[in-house]
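Undergrad:
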Amino acid sequence: MRLLELRIGRRAWAGAVASATALIACLSINPVHAATEAGTAIRNVAQVQYGIDGQTSTIASNPVSTRVDELIDFTVDPLPACSNPTGDVTAVGFEILNTGNGDESFIIGEPVATGNFQVTGLAADANDNGCYEPGIDPRIPAGTETPLLRPFARYRVFVLGTGTLDGSTVELPVSSRFGRRRVGEVITGAGESGSDVVIGGTGGHVNGRPIRTTSVQEVQAELVKTQAIKARDGSETPMRGAIITYTLEGRFTGGGTASDVVIADPIPAGTAYVAGSLKLDGAALSDAGDGDAGNFNGSGISVALGNVPAPATRTVSFQVRIQ
Amino acid sequence: MTRTTARLAAMFAAFSAVPALAGGITLDARVLRVETVAGTERLTPAAKAVPGDHMVYVLAYKNTGDQAARDVVLNNPVPADMLYRGAGDGGEPEMSVDGVQFGPLASLTVAGTDGSRRPARLTDVRQLRWHLNQAIAPGASGQVSFHAVVR
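The listed protein sequences correspond, in order, to chains A and B.
Count along the first sequence from 1, then add 2; that gives the number in the working numbering.
Count along the second sequence from 1, then add 22; that gives the number in the working numbering.
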């Protein structure tokens with residue numbers, strides 16, 4: 003069960019425990035272009051209508067057809083850092099995005115690191131969640147070919163290593179299955195549906211953009227949930243009718259700005275929300291989904307904090323009554 | 023055997039792309055790719071293209087009859103998977119985003135995502151129409167063309 007949630011941008015962290023720590027980075031969403039699929043025949047027929055001697059005729063032209071060849075293009079970009087435990091291993095994620103117009107596979111090369119980071123291997127993101135999870139994401143050797151990726155489909159891979167990323171760079175070379183080629187080179191008949199392959203602007207080879215990790219630009223977020231119970235008899239016994247005050251403290255440390263931050267928490271089963279009890283930094287918020295940041299939707303509360311420049315602490319509180 | 027031959031003959035008839043001929047006007051369509059070599063644009067016949075390629079569709083008409091043809095109108099839907107980029111030879115065509123209403127681009131609108139209408143852009147254009155002002159004399163010929171990019 004999701005007990006509380008801290009959403010930043012398009013990412014969400016949920017915890018079944020009372021605190022969650024998250025390393026925040028911007029998730030880049032690549033626009034999806036609907037390039038014409040390789041092998042498509044683009045046909046054109048024109049018409050002319052004319053009058054001769056008072057009689058109108060319409061005729062069609064000959065059809066012309068253009069076959070769309072397969073353009074080999076792709077990008078390799080680093081993934082945002084994750085905060086889940088990875089043991090002694092540090093993982094740097096990369097996303098291979100097929101920006102061509104045919105189903106293609108790509109070959110993952112030998113990663114190269116500088117600084118205090120020593121590469122120990124590669125792992126595939128088996129569940130495509132962008133975070134390395136030992137035991138779930140299998141190790142793969144350099145030279146592994148990805149499955150066929152549809153146009154604008156992605157494959158995520160992790161460079162694993164030890165040491166510190168601070169001041170280091172990690173580079174992941176990736177090639178198309180045709181290897182490094184001249185831009186514009188044509189490989190006859192090698193593309194989808196019998197089309198030719200045309201090597202795009204990458205020349206069939208991309209070095210995953212080197213990343214330089216600096217702690218200054220990263221925001222660390224932590225969400226801590228505490229509760230205080232007050233029963234009718236003045237005790238702290240969680241009995242029927244007792245009021246529980248929940249406090250959700252979002253702590254933003256490091257540097258930079260956490261964007262589109264939302265703190266959300268469902269009302270626990272067996273309790274009822276106390277109307278009008280939602281507060282942000284001690285100030286009351288309305289329960290309605292109106293102009294202010296707070297909202298109670300019948301099953302949970304949420305408070306939209308917008309962009310939060312670090313360092314900052316924002317505190318949300320609300321009350322429930324035990325049924 | 024006889025049936026197979028007949029079917030092949032029918033297929034050949036369907037696919038042999040000779041310019042259509044009916045009472046005097048022929049219309050020949052071609053597609054060319056714009057290639058820039060050393061800063062100079064060059065048009066080459068192209069049976070193949072990749073997304074992003076700049077193509078020119080040329081419609082060449084000729085009056086092969088012995089009487090003048092009047093009220094000549096050329097029609098060309100913008101081919102599927104092509105994005106219209108503008109007129110070439112033969113002047114600006116009338117444009118349409120829906121195949122019903124034709125006019126200059128500035129007169130056209132399309133429905134936006136929120137239901138309101140916004141001014142049409144070149145990439146919204148799905149149909150082109152040229153009205154030739156002059157009659158085409160016997161033996162006379164001409165052409166119109168338009169530019170488009172492979173999506």
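Don't be surprised by glycine CBs; every beta carbon is placed ideally from N, CA and C.
Bear in mind that the values here come from a model prediction, so they are computed numbers and not experimental data.
Do residue 111 of chain B and residue 166 of chain B count as a contact pair if the criterion is CB distance below 8 angstroms?
TA: Yes, they are a contact pair.
Undergrad: Say yes only if the C-beta of residue 92 of chain B is nearer than 7 angstroms to one or more non-hydrogen atoms of the ligand GTP, and no if none qualify.
TA: Of ligands this structure carries none, so the ligand GTP is not represented either.
Undergrad: Whose C-beta lies closer than 8 angstroms to the C-beta of residue 327 of chain A among residues of the same chain, with five residues either side of it excluded?
TA: Any property of residue 327 of chain A remains undetermined from this structure, which presents chain A solely from 3 to 325.
Undergrad: Check this for me: beta carbons of residue 182 of chain A and residue 205 of chain A, under 8 angstroms apart or not?
TA: For residue 182 of chain A and residue 205 of chain A, yes; Cβs fall inside 8 angstroms.
Undergrad: Distance check for residue 86 of chain B and residue 64 of chain A, CA to CA, integer angstroms please.
TA: Going from the Cα of residue 64 of chain A to the Cα of residue 86 of chain B covers about 16 angstroms.
Undergrad: Does DSSP classify residue 261 of chain A as helix, strand or coil?
TA: Residue state, collapsed to three classes: strand.
Undergrad: Per DSSP, which one or two residues make a beta bridge with residue 267 of chain A?
TA: Its beta-bridge partners are A:303.
Undergrad: Run through DSSP, which three-state label would residue 59 of chain A get?
TA: Residue 59 of chain A: strand per DSSP, three-state reduction.
Undergrad: What are the complete beta strand (DSSP E) segments, minimum 3 residues, inside the region 87 to 156 of chain A?
TA: Runs found: 92 to 100, 108 to 110, 114 to 116 and 119 to 126.
Undergrad: What is the residue span of the beta strand (DSSP E) that residue 50 of chain B lies within?
TA: Looking at the DSSP string, the run of the beta strand (DSSP E) that includes residue 50 of chain B is 47 to 59.
Undergrad: Note down, in chain order, each residue of its chain lying with its Cβ closer than 6 angstroms to the Cβ of residue 68 of chain A, except the 5 sequence neighbours on either side.
TA: The answer, listed in chain order, is 44.
Undergrad: Express the C-alpha separation of residue 88 of chain B and residue 156 of chain B in angstroms, rounding to a whole number.
TA: If you take the alpha carbons of residue 156 of chain B and residue 88 of chain B, they lie about 16 angstroms apart.
Undergrad: Have a look at the DSSP bridge pairing and note the partners of residue 194 of chain A.
TA: Bridge partners of residue 194 of chain A: none, in fact.
Undergrad: If you reduce the DSSP assignment to three classes, tell me which class residue 127 of chain B lands in.
TA: Looking at residue 127 of chain B - three-state DSSP - the assignment turns out to be helix.
Undergrad: Under the rule that 16 or more other beta-carbon atoms within 10 Å means buried, what is residue 309 of chain A, buried or exposed?
TA: By the neighbour-count rule (16 or more Cβ atoms within 10 Å), residue 309 of chain A is not buried but exposed.
Undergrad: Could you give the distance in angstroms between the alpha-carbon of residue 290 of chain A and the alpha-carbon of residue 277 of chain A?
TA: Looking at the two C-alpha atoms, the distance is approximately 10 angstroms.
Undergrad: Under DSSP, the beta strand (DSSP E) around residue 164 of chain B begins and ends at which residues?
TA: Residue 164 of chain B -> beta strand (DSSP E) spans 163 to 172.
Undergrad: Give me whichever residues DSSP pairs with residue 132 of chain B in a beta bridge.
TA: In the DSSP output, where bridge partners are listed per residue, residue 132 of chain B has B:140.
Undergrad: Mind checking who residue 2 of chain A pairs with in its DSSP beta bridge?
TA: This structure gives no information on residue 2 of chain A, because the portion of chain A shown stretches from 3 to 325.
Undergrad: Assuming contact is defined by CB atoms lying nearer than 8 angstroms, are residue 149 of chain B and residue 80 of chain B in contact in what I supplied?
TA: Their beta carbons are not under 8 angstroms apart, which means residue 149 of chain B does not touch residue 80 of chain B by this criterion.
Undergrad: Do residue 176 of chain A and residue 94 of chain A have their C-beta atoms within less than 8 angstroms of each other?
TA: Cβ atoms of residue 176 of chain A and residue 94 of chain A: not closer than 8 angstroms.
Undergrad: Hey, out of A:324, A:85, A:236 and A:126, whose CA is closest to residue 248 of chain A's CA?
TA: It is A:324.
Undergrad: Measuring alpha carbon to alpha carbon, tell me which residue in B:109, B:63 and B:93 is nearest residue 168 of chain B.
TA: Considering only alpha carbons, the answer is B:109.
Undergrad: Would you kindly work out how many angstroms separate the C-alpha atoms of residue 88 of chain A and residue 241 of chain A, rounded to a whole number?
TA: So the alpha carbons of these two residues sit roughly 41 angstroms apart.
Undergrad: Smallest Cα separation from residue 313 of chain A: which of A:243, A:255, A:196 and A:114?
TA: It is A:255.
Undergrad: Distance check for residue 124 of chain A and residue 159 of chain A, CA to CA, integer angstroms please.
TA: So the alpha carbons of these two residues sit roughly 7 angstroms apart.
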